[in-house]
Each structure stands twice: as C-alpha cells, then as structure tokens.
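Step one of this worksheet: look at the structure below.
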Amino acid sequence: MKGTDVTEQARVSIKNLSAWFGEHQVLFDINASIRDKWVTAIIGPSGCGKSTFIRCLNRMHETVPGARMKGRVLLDDEDIYKSSVDPVSIRRRIGMVFQKPNPFPTMSIFDNVVAGLRLSGQARRVNLNEIVERCLKQAALWSQVKDRLKEPGAGLSGGQQQRLCIARALAVEPEVLLMDEPCSALDPAATQRIEDLIFELKKNYAIVIVTHNMQQASRISEHTGFFLNGELVEFGETSQIFTTPGDKRTEDYITGRFG
Amino acid sequence: MKGTDVTEQARVSIKNLSAWFGEHQVLFDINASIRDKWVTAIIGPSGCGKSTFIRCLNRMHETVPGARMKGRVLLDDEDIYKSSVDPVSIRRRIGMVFQKPNPFPTMSIFDNVVAGLRLSGQARRVNLNEIVERCLKQAALWSQVKDRLKEPGAGLSGGQQQRLCIARALAVEPEVLLMDEPCSALDPAATQRIEDLIFELKKNYAIVIVTHNMQQASRISEHTGFFLNGELVEFGETSQIFTTPGDKRTEDYITGRFG
Amino acid sequence: MMDQAKGQSRARKIKARLFYLACLSAIIISLGALAVLLTDMFIRGFGSLSLSFLTSFPSRFPAKAGIKSAIFGTIWMMSLTALFCIPIGISTAIFLEEYTGNSRLAAFIKINISNLAGVPSIVYGFLGLAVFVRALSFNRSVLSGSLTLALLVMPIVIVSSQEAIRVVPRALREASYALGGTRWQTIRRVVLPSSFPGIVTGVILALSRAIGETAPLIMIGALTFIAFVPDGPFSEFTALPIQIFNWVPRPQAGFHQVAAAGVLVLLGIIFFMNGIASIIRNRFERH
Amino acid sequence: MSKINALSRKSKHGPKRRWGESAIHALLFLLSMVPIITTFGIIYALFAETFLFFQEVSIIKFLTGTVWSPLLVPKQFGILPLVAGTLLVTAGAILIAVPIGLGSAIFLSEYASPRTRRIIKPLIEILAGIPTVVYGYMALLFISPLIQKVFPQANIFNAAAAAIAVGVMTVPMVASLSEDAMSAVPAGLREAAYALGANRAEVATRVVVPAAASGIVASFVLALSRAIGETMIVMLAAGATPRLTANPLESIQTITAYIVQVSLGETPWGSMEYKTIFAAGSVLFIMTMIMNLVATRITRKSRRI
Amino acid sequence: NAGDGKGLSGQVKIDGSSTVYPITEAVSEEFQNENRGVHVTVGLSGTGGGFKKFATGETDISNASRAMKDEEKAEAKENGIKYLELKVAFDGLSILVNPDNGFVDDLTSAELKKIWNRGSRVKTWRDIRRSWPDRRIKLFGPGTDSGTFDYFTKAINGEEDVSRADYTASEDDNTLVVGVAGDKDALGYFGYAYYMENRDKLKIVAVNGVKPNIKTIRSGKYAPLSRPLFIYVNKKSLKRKDVRAYVEFYLKNAGELVGETGYVPLGPDEYEEQIDRLPKP
Ligand SMILES: Nc1ncnc2c1ncn2[C@@H]1O[C@H](COP(=O)(O)OP(=O)(O)OP(=O)(O)O)[C@@H](O)[C@H]1O
Ligand SMILES: Nc1ncnc2c1ncn2[C@@H]1O[C@H](COP(=O)(O)OP(=O)(O)OP(=O)(O)O)[C@@H](O)[C@H]1O
Ligand SMILES: [Mg+2]
Ligand SMILES: [Mg+2]
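Protein chains in written order, with the working numbering: chain A, 1 to 259; chain B, 260 to 518; chain C, 519 to 805; chain D, 806 to 1110; chain E, 1111 to 1391.
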C-alpha cells in the first residue's frame, strides 16, 4: 500500500481497522487518514466495503445488529471507540449524508433542517430561523425553498432532497462530513450542483465521499482510496492515483476493465 | 442526429417513438434500428430514459400503470403495437434481462430455466432436460449448477443468478435480447463472464444492452446510442461515437464531464 | 460549540433511560398477563386433561364430561370456514391488487372491507341468524356457523393476502411478463407462490380468530347440548368455545376445571395451527 | 426459427387463452363482490327489524333517553345507558391497550435483538388467540377482587374489571400491528437520525413512531373496534345493569352484553322487547362504522405526509 | 346410522329455558347413552326463544320455566301446532345472604316487596327492620330477561317485570354466587340449585318463616317462591317413535335425575299420571 505519509495534517486517522457482519469479515486492517479541508474520495466495485468503511468512522456501523469492528479511529488524536466516548456525540461531530436522500417524511423542510438541534435540546438556545437560512444557503437550496419552508420535505425532487439532507447534516455543525454515494440517485444537473456544493464545503470541513463514478472522484477529490474485497488497495493523492496507479488492480478498475 | 443509415439490415426499427409516464414525457421522438447479430449499446446518464426506451421494444412499458407511448416499433417490418398483435407473444419473441438478477425465488434452477415454457404450456411438448442443458450451457452456467438443478435459484451468487436469468430468457428462443444494465449489480469477475457470454450470444441474436459503464459499451458493442433527457442525441457505430462523437454533449458525457 | 457537541446532556440520557424502562415494563406486563393467564388455566385445567376428556361426550357430571362433540364440531366448522373464506378472500385480494388498479370500484370494495374488519362479531351473529339460519333455512347447522364465521374473518384473509401480494417485487412480475406470461399466468406461477407465506399467515390468523369466537355462534343459536358427532354440513353442532361457555356458569366447581381444560385444548389447537404456519413460513422464506 | 417458436406463434392469438383470462377476471370480480354483499346483508339483517321497532318507539326518545329498561315495568327505551357503558369499557380498554401495546411494540422493534423478537412476538400473539370467555372469568375472579381490595366501594361486577380484561385482550393486536408498522420504517430514516446524534429513544419517538403513524393508528382503530364489539368479557364481568354513569367501579351494561342477554333470555321472539336487540345492534354497527370511516380519514391523512 | 341399543334412530330437537336446561340435559345424556342412534339436541334460547321455534314447528320439545303466554299460544295455533304441557319439576327461588351476616334469618313477603319493588327506598338494613344495622345493602339478582326474574317479580311485587332497577344484575347465576359470597352486606335471589352447590359460601334465608328444602318446595309450603317447570311436547312429533321414547324416558327418569340437578322432583305418582296422559301411539 502507498501514500499513508499524510498523517501529520490528519483530522481523522484510521489505524488497523477491521470490520465484520456476524462472522463475515468485510474490512481487513485498513490504515488511512483524512485531511482537513480536503475531499477524500473512496472508490471501488460494489460490495467491496466502501460503505462499511465510512460507517466505521462515525460509529454508525455498530447500529447494525451483529456488526462489530476492531482497530482504532482517531478524531483529533482521540480514539472515538474509547469506552468513555459517547457514540451519540461522535455522530454529532462527524456528520453523514446517505446514498438515498432520506429526509424525515413527517417533518417540514424547516423541521428537517433543525431536526438534529431539536434532538439535542439546543433548539431553544439558538435562533432557528437564522440557522435554517444559513444551512439551506450553504446547501444551495435556499432560493428554491425559502417560500415553502413549512411544506413536507418529501415533496422535493431527489436532488433537492439530497441537498436538504446535506443542510440537515450541516445544521449540527459537524467537523467532518461523510457522504455515501450522495449523487448516485440524482440526475446530472443535480449532481453538478452537489459537486459545486462539495467544492464550497471543503473550505470548512474534512469531507469523505464514496462514489462509484470515477470521473466524479477525479473531479472533486484531493485524496482517493481504492477498496477491493475489503482491502484498501491504494490510498493517495487523486491526481497520482488516476495517472500513475501503483497497483495493477487499481489501474484495471480505473480504466473500466471491471466494475 | 447521425447514423440512422443502417435500416436495411434492421431486425427492429424504431420510428418516432415517444413515451410518457402519466403526463410526464420521458422519450421524445426516437428513431433507431437494431441490427441482427450485432450488439447495440445504450448509454446515458441516470434518468435519461434508457430503460424506458428498451422497455418500449417489447411492450413492457405498457405494464406500468399510467404509462403510454406513441410511434411505431417494427419487428421484421411488422408493427408490434398493431392492435391485432398480442403483447404476450411479442415478449416471447423479444426476451429481456433486467438490471437486478430476478430469478423466481420459489422455483428451482431447473424450473427457473423452463418457466417461460411452462407459462405458455409448451413444456409438455418438448424435452425439458435437453432445453435446460442447452440454455444453461449457452449461459455458461451449466458446469457450475448441473449437479444441483433442483435447488432454489435464489441460492446462487449474484453473477450466477444473472446468468440463470439469461438462460431463462434464452429458453423461450427469442429473436432479440434486451438487457437492462445486466452487470451493474455484479462483481468484476461475473461481469467478465457475462460479457463473454454476450459475445457468444450475438452470433444468433440481435442484442440491445443498456449500460452505465462506457468502457463496457466500447468493449462489447458494434452500435451505440447516447440518450440525454429523453432524446437520442447520437446513434451510430461504437468506434466512431467513442473516438469522434458528433455532438458536444456526447463528448462531454464520454469524457466524464458529468453523469 | 464544542461544549454543545460534547454529547448528550444528562437530561437527555436520563430521558432515554426512562423511555427504555417504560417500554421494557410494557413488554413485561404483556408477557406477565400471558403468564398469569396460562398458569391459571394450567392449574385449574391440567388435572381434568385426559384421553377420556377428549373422547367423551358432554355430561352433567364434571368427572365424566368430555369434549368429543365439541372437538369434532370445531374441526367441521373450521374446515368449512376455511373452505369458504380462503378462496373468496384470496380471490378478492388478487382482484384488488392485480386487476382493478385505482378504480372507483376498488376503492368502494376496499372501504367495505376495512369497515367489515371493524364490525363487532356479534353483528355478524345477526347476519348469520337472519340470512343463514332463517332466510336460507340452514337452521343452526355447522354450515350456518361456518358461513357466519367465514364472513367474519374474511377481511383478515383479504387484507393480509393483499399485503402479501403487494410486497412481491415488481421485478418478478416483470420477469414473468418478459417471458411472455399473461396476467393470470404471472399471478398463478409467480405472484401467488411468492406471497404464499404471507397468505398462510393471514389465513391462520383468521382461523385462530374464528376458532375462539363465541358471541356470533350464540346469536345463531349454537349454545346447545350435543352428545353426537356432526355427520354433515347440515348437522347441528357444538364447538369448543361454546362448550366452555356452557360449562363456566355452572354451579359445580368441577365444571370450572373442565372448562379450563377445554381452554387448554383450544389453546393447544391454536398453538398447533400457528406452529404449522411458522413452519410453512420458514420453509418458504428460506428460498 | 425453431419448432418451439413456430408453436408459440401459432398459439399466440389462440382464442382459448384470451377466453380463459377473461373468465378468470370475471370470476375474481364476482368473488370480490362478497364483501359488498356482506355489508348489505348486515344492513338488511339489522335494519329491517329496527325499522319495525321504530314504528312503536320514538327514535328521538330512543336516542336521547337516559333510562334503558325494556324488560321492566314501566318500559323505557333510552339507549344512552348502554352506549355509555360501551364507551366506558372501551375507553378504559384503550387506556390500557395503547400504552402497553405501543410500549411493547417499541421495545420489540427498537430495543430487542432479532432473536428476542422472534421469540416474544409469537408469544404475545398467543394472547390474541385465547377465547374471550376466558378473559371474562379472569376479570371476574381475578381482577375484580383486586379492584375491590383497592376500592372497597367497588361492585363485584364493574366496568373497570371488564375494561382491564378487554384492554389486556387487545394489547397483542396493538403490539403486533404497531411493531409491523415500525419494522417497515425504512432503515435509512433511523440511520439519518442516528447520524445526527440521536440516541435510541429519540430515534424511536421522533422518527420511527411518526413515520409509522398510519400503521400505529390503524392498530389503535382495530383495538378500538374490538373493544366496542367485545361481548363475552363484558357480559361476564361488567354486570347486567344499564346505567348512565362514568364511574368505572359500578356495574353497567354494554350494548353487546344486552344483545346476548336477550338472545339467551325469556323474551318472546317477535315481541317489541325482542326487537330492541336489533335497534341496539344497529346503534353498535353505526358507531363502529362511523369510527372506522373517521379512522380511515385519519390514516389516509397521516399517510400522505 | 340405524341406531343401536333399542334400534331407534332419528333426531329429537329441544330448545328453550336455561332454567329447565340442566334437567333436560341430564335426561338427554342418559337417553343418548342408551340410544346412540337418536340425536338429541338441547338448545338454550330461553323460554321465549324456545316457544318461538316450538310454535313454528322447528322443535319437538320446548323447555319452559313458565306457562305459555297467550300470544305464544295464538302463534302455535296459527301454525297448526298442537301440544302437551308436562310438568317436570319444581324450582324454589332462594333468598341468600353472606354467611358473615349474623342478623338476617328470615324475611316476610312484605319485607321482600319493600326491598325489591319498583321505586323502593330501602338502602340500608335498617330500612327493613329497625333493629338491623345502618349499613348499605348490596342487592344481587338475575338479569331482567331471565325466567327467575319474571317469576320473582310476579310473586313478590305482584306484577311481572316490576322491580327496582338499581341492583347488581347478572345473567349468570354463578357470578351472583360470587357476588353474594364476596360481600358481607349482600342480599340476592336466585335458583335453589345454585344454593345447593354453594352451601358453604352462602346463607339461606327463610321466607315467611319457611326455609326452602325439598319438602317445603314440593308441597308448596315454601310460598310464594316455589314454581313448577315444564316441557312442552309437539303432539305431531310425539307420534314419532324416537320422540315418544324420549318423552317416556324423561318422565320415567325425571324423579331421579331432577334431584341430581338441585331442583325438586314431583311426587312419583305425578310422573306416572303424566305418562298416562300421553296419547296412545
Ligand atoms: N447489514 C449487513 N449485514 C450483513 N452483511 C452486510 C450488511 N451490509 C453489507 N454487508 C456485506 O458487507 C460487504 C461490504 O458491504 P458494503 O455495503 O460496505 O459495500 P459497498 O462497497 O458500499 O457496496 P456498494 O457500492 O454496493 O454500496 C458486502 O459483502 C455486503 O454483502
Ligand atoms: N414507473 C415510473 N413512473 C413514473 N416515472 C418514471 C417511472 N419509471 C421511470 N420514470 C421516470 O422516467 C424517466 C426515465 O426513466 P428511466 O428509468 O427510463 O431512466 P434510465 O435512463 O433507465 O435511468 P437509470 O440509469 O437510473 O436506470 C425518469 O425521469 C424517471 O424518473
Ligand atoms: Mg455502499
Ligand atoms: Mg434504468
């Protein structure tokens, strides 16, 4: 494996991470680090463990019955799996956006954005209107929905729903943003808009994005990790991975010989 | 639009085809033709109408409530939408394989292969064992399943399931084979095997394959059609489309500028 | 900001804990009620449970009383009920799910069914009395009883079959259509086999409901001393819940034990039916 | 092409298949009429006699009268005491069934391991299979004495004991159906909430329960109609004293219990007293029907969101 | 199905009063044991429901805890149903209190009427007799649709269906036993048979100085609360062998079987007399 020499600016460091579903091991001894203000793209064929990997970064993996992991994940040098750490607080610091847009169907657009704040009881202490406006603007959705904040979030188009989910993730002010194939359910125009948004967001966050679209990875990321069968085959600067991959398998994948 | 000058050897000709879901038009005045013993690849970003297009070719489109179409689809110069034509018989002559492998979960491997024959009551008149063996061999699955034909088809791996679905489609001896992203749920090795299979099958069939994998399209097809927002932007020989696309949008898509 | 993000406040944690405890006590109460009921029945009834209890006719002496006629009556009645409600229920579900789409007729039938599901069982007793016992002159026969119960549990069969049919993936239907299957062939070969476990569950649920129903049978006049086994659909009959209801109000304490033993038998039958259902479910779901 | 294909093409326009398809369609259509016929059958069975009854008794007095004593001299036909008794028992039953049932459902769907759920759910469903006669005697011999211990003024037959038993009887319905609805909530929604830093209880109350609301409400409605229509329990445990009261410690009578009382009783058939059960049955039917229609409205509304 | 035993076969349909039911049930059980080929069914539709079916010819025999009423007679006549009224037993309605009640040993008809009449203002024991304590009485009685209620109201209050309504009613006499046994200020009335089965839990009260027992009930000395129980037999049915055999069996064995059920049998010659009244086959 190449390219793990970036640890010094790491926001999140992954050390010897392995993961299982029941008896079935799906991640094998992963080491990587996520840099602040960079976009890290995770690519690889279906079923290789991309989702499992990023779900280990905010302890979502453990919400699946029968799932377990080994190894360490450091957020600012603190192990998030230490027993004294509350997974709930970790998830607040490391936000997540999913493949399929999943706004809360029973809530309005406004309520969706502030759902995270309401849960933690912070809603009373802050100006919700301000936050909703800021987050929707950050998510490039404000102009389209500002007149119908009270309508249900499920009434939006797929791309708008995904941006709503991003706004919702931003509202709790995370430090790291994980995105699991956020564009795969979207049309080209919506994809374009989300990509622009990621470009904006990376000024403030460390972003990890899973994608099956190689072009997208090369367009938006600084770092790329290539997974195959649960192993991190290659991890390093995007430009280098896409031009001079260090591993034959990476090359095969990138040139479309499979997947 | 370019490249519709292939009608003379056409097995299937599509004339001014438009299609709707309810009030929402998703195909606009498509003209194309499918040549016998060639593979025609259909590419385009998600939601552009690729699936709808091929589903219009065997009258599967009309099984969706609220869906309708306009235009003509000629199979050997006979309009399949003529009122005297039975859609059931058309679907028998134009087989289809879907994106997600969908073997019948309640049937054994054997029964899956002959399901089409059983449906039409032909099963009694022919030697089923022979047919099962031939089709499974054609689908390159025989050697792996010949000892467990009585086991449920759902117990196979994804790639095997997809080949089982192909065998099932072949068993009714169609004249044209439509495949809607048959490899997108498969791993690289399974994909490779299906591609080999397509290579074999095209000796006897006219094949239409939808794919989101440009490399796959260029590897396996003679013809390529590029859809965007329900329009057939470009249709012609694959080599030409991938080297000297006639349309700026085709070029943008192929070089990964979106999608 | 770091402070807020520090995690859940104490109050949130306590609330979550209390909520968990509330849910836990709910389930404990539910199971506790079951335990109390079953234990009570066992203590009362187990002593009376014997082979001769199963093979004797009712008697005025608790020690001699048995449930032979009730068991046969229940078997007769359940068989006929199943015979009526299964085909009609499943057909209706198929019709609603596969043939009508969103038509007015479908909407009307659906409203009807959801209303019928809420109609008290005793009201079906009026129906059975007026239509089957009187108008059709089936008297208080097994046939009248099972027709009444079949109508009573029909909504359960329909609704659960509808649900089972609805969750059959569209992909499977499409596969069948693409192979040249007609609508009915697709239903027959693909949809019904796939929804079979769900339909069986619904049917068992319906029959378990029917087997314990008392009020509508009382309405059609089935509360009767019967010391023979029904010999046909037009024969008079008694059934387990009826026999239990007949015994419970008696002055002799012995009958209360016999009644409890009857309840144990009834529960045993329900258990058995549910066991069969789950075997069928597991068998098919594994595929 | 091959032989098979020639065959298939020959049979494709075959009139036989077309005929079979439409015959099946017609048959299914006919069988689907059974629910509609049933509804009309019920209406006929109830309303024909009810109509005769109202030729003798004023419908206004029937609906507004506060004394129900059709079998006592002087006869009075005010249905309100029976309606009140029915509602009292139903309300009490719902107060028990909803929190316990919903709590059990949440426990099963959000806290229990799949293994635990697989064991417990069928156990709870057994509760639904116990014949209600049994609950009736439980109420009388077990619950009622307990109530009398706490409230010595309570009657041995009282609405509370019946209500508790009916509640316990309907718990499995609420638990099992609500659990189904909650399990059907897409995993994506739960994940979204977890990812925002919600704990399990918050996921359950803020996300899962609202998203499953239509199914949960449907389970309440079913429990409600079972409670309204429950007969054996109230007959055995609530007494046979029609009384316009809201005191659950008193003996009362419900519509269903009255109907059974008369249909097993000494009243001559065809007499006006006997016709009261049709009038009472009609009231019961209309009550549950209105409730169901309202509930359909509510669930449809909550489903739209 | 030709029947074994005496070779009889057929179907005897009986319905009617739940009070008479235990007697008919006992007879039917014994009869069935001897004649497996005959299917005897005994329904519980109440005296009224039973007469309805009887008057339309649906049943062969009707159990009745009272004599047929005029409108019921009229209906039977209209349908051309001729019948025979047979007396089969006596029932003594018993007045019961809790065994812990030390002061109530007997009550007069007048006192009972004072307690149970419509609009009665008796609330405490003291309202009955000055010397009794000032505690609330809890009254228990059968539901208003039972034969016991009809008979009691007629005998005590003078008119059928006239009663105070604010007592605890249950159709199920057994639950009345539970009620009276469970409350030391309870007073209730129900059938003598239920008392017999629960003697240890209940205390019986003399009426007008007479305690109910087999002798006083049969002789009518226990007045006015002893009443006869009947079966009505359709004369046309009686021409059938199975029905005739059943009725004869009934009257021959009633003397013994009635005692078992807690009711009071007629004198032996009274049964003989009724057998003689049966039309010759
Ligand atoms: N809930 C689960 N239970 C059991 N196994 C699971 C579960 N989720 C995923 N897996 C298995 O874990 C492996 C890795 O899955 P994962 O979802 O991480 O892959 P992925 O790279 O995200 O794939 P995709 O591109 O299809 O999303 C796969 O083999 C998958 O079958
Ligand atoms: N059943 C349906 N009802 C309504 N609209 C539909 C339906 N199926 C597809 N559409 C719409 O029709 C358009 C074309 O869909 P289609 O499935 O043909 O696209 P596609 O090119 O196959 O996309 P993908 O690559 O995601 O499979 C899309 O806008 C889609 O939202
Ligand atoms: Mg994934
Ligand atoms: Mg598609």
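The C-beta atom is built at its ideal place from N, Cα and C for all residues, glycine as well. No experiment lies behind these values; they were computed from the predicted model shown.
- Excluding five sequence positions before and after B/N488, the CB atoms of its chain that fall closer than 7 Å to its own CB belong to C307, given in chain order.
- For B/D439, there is no enclosing alpha helix (DSSP H); the residue is found in the beta strand (DSSP E) stretching over V435 to D439.
- For D/R1011, the residues of chain A that pass the 7 Å Cβ criterion are L119, in the order they occur in the chain.
- The three-state secondary structure of E/K1390, taken from DSSP, is coil.
- Under the Cβ distance rule, B/Q268 does not count among the residues neighbouring chain A, no pair being separated by less than 8 Å.
- In the structure shown, C/P711 falls within a helical segment according to DSSP collapsed to helix, strand and coil.
- Its Cα nearest to that of C/I797, the residue C/F714 stands out among C/F714, C/G730, C/T756 and C/R727.
- Secondary structure in the segment 261-327 of chain B: the beta strand (DSSP E) runs of 3 residues or longer, each lying completely within the stretch, are 269-280, 283-294 and 298-302 in chain order.
- Around the beta-carbon of E/Q1384, 16 or more other beta-carbon atoms lie within 10 Å, marking it buried.
- Under the DSSP definition of a beta bridge, E/A1199 partners with E/L1339 and E/P1375.
- Scanning chain C for C-beta atoms nearer than 9 Å to the C-beta of B/F357 yields A689, E692, A693 and A696, reported in chain order.
- 8 Å or more divides the Cβ of E/E1140 from the Cβ of C/F743.
- Here A/L74 is bridged, per DSSP, to A/S13 and A/D79.
- Not one beta carbon of chain D lies nearer than 8 Å to the beta carbon of C/K582.
- Excluding residues up to 5 positions away in sequence, T1061, A1062 and V1065 lie with their Cβ nearer than 7 Å to the Cβ of D/T1036 in the same chain.
- Taking CB atoms only, D/G1075 has a neighbour in chain E less than 8 Å away.
- Using a Cβ-Cβ cut-off of 9 Å, D/S983 is close to nothing in chain C; its nearest Cβ partner there is about 11 Å away.
- In this structure, D/A966 lies away from D/S981, with their beta-carbon atoms at least 8 Å apart.
- Short of 8 Å from the beta carbon of D/S827, and not among the five residues preceding or following it, lies no beta carbon of its own chain.
- Sequence-distant partners of A/D247 (beyond 5 residues in either direction) whose C-beta falls short of 6 Å from its own C-beta, in its chain, are V233 and E234.
- For A/I194, the CB contacts under 8 Å within the same chain, skipping 5 residues up- and downstream, are G159, Q162, R163, I166, P182, C183 and L186 in chain order.
- Annotation: the segment 543-618 of chain C contains the following complete segments of the alpha helix (DSSP H) (minimum length 4 residues), in chain order: 569-573 and 586-612.
- Put simply, the segment 1302-1311 of chain E does not touch the segment 952-964 of chain D. Fewer than three CB pairs are less than 8 Å apart.
- Three or more beta-carbon pairs drawn from the segment 316-325 of chain B and the segment 346-361 of chain B are found closer than 8 Å, and the two stretches are therefore classed as touching.
- A/R168 has its alpha-carbon roughly 12 Å from the corresponding atom of A/L141.
- The beta-carbon of B/Q397 is placed no less than 8 Å from the nearest beta-carbon of chain A.
- In this structure, ligand 1 has no non-hydrogen atom nearer than 7 Å to the beta-carbon of B/C424.
- Considered as a whole, the segment 733-783 of chain C harbours 742-744 as its complete beta strand (DSSP E) runs of no fewer than 3 residues, in chain order.
- For B/P346, no beta strand (DSSP E) encloses it; the enclosing alpha helix (DSSP H) starts and ends at P346 to R352.
- Listed as beta-bridge partners of E/D1125 by DSSP are E/S1172.
- By the CB criterion at 8 Å, C/S712 and C/V675 fall outside the cutoff.
- In terms of Cα proximity to D/T895, the closest of D/G972, D/G846 and D/L1001 is D/G972.
- Within chain D, L1001 and G1002 have C-beta atoms less than 8 Å from the C-beta of A/R92, given in sequence order.
- Neighbours of C/R578 across chain E, judged by C-beta separation under 8 Å: P1132, E1135, A1136, E1139, E1370 and T1371.
- Residue contact with chain A for D/S1019: absent (no Cβ-Cβ distance below 8 Å to any residue of chain A).
- Inclusion of A/C48 in the 7 Å shell around ligand 1 follows from its C-beta lying nearer than that to a non-hydrogen atom of the ligand.
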